[in-house]
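Engineer: Before we start, here is the structure in question, set down as structure tokens.
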Amino acid sequence: MTYVKLNNNIIKALKGVSARLLFLKHPEIKRYLCGGNLWNPSCFVATVSENTEEQIRNYIQNQQVK
1 MTYVKLNNNI IKALKGVSAR LLFLKHPEIK RYLCGGNLWN PSCFVATVSE
51 NTEEQIRNYI QNQQVK
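Note that the sequence shown covers residues 1 to 66 in full-length UniProt numbering.
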């Protein structure tokens with residue numbers, strides 16, 4: 001099993017850049033978002049092979065509840 005340490009700053013940068021580009025192209029989207037934020041501040045990173053489909057579905061469902 002190979003582990004890769006992923007720097008949290010990389011995730012923050014990807015979220016920030018993608019949100020800025022989307023809002024530049026479609027500024028009207030912001031008004032439909034809670035607090036005008038595209039991304040939740042948390043993240044989950046894992047390869048699918050380390051988790052069962054049920055674990056992944058549970059994670060996604062728990063994010064929607066928050």
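Ideal Cβ placement from N, Cα and C applies to all residues, glycine included.
These figures come from a predicted structure and were not determined experimentally.
Roughly how many whole angstroms lie between the Cα atoms of Gln-63 and Ala-13?
Structural biologist: 21 Å
Engineer: Hey, could you find the ends of the alpha helix (DSSP H) Ser-18 is sitting in?
Structural biologist: 8-25
Engineer: How many angstroms separate the CA atom of His-26 from the CA atom of Asn-40?
Structural biologist: 19 Å
Engineer: Could you give the C-beta distance for Leu-22 and Ile-29, rounded to a whole number, given that I count them as a contact under 8 Å?
Structural biologist: 7 Å
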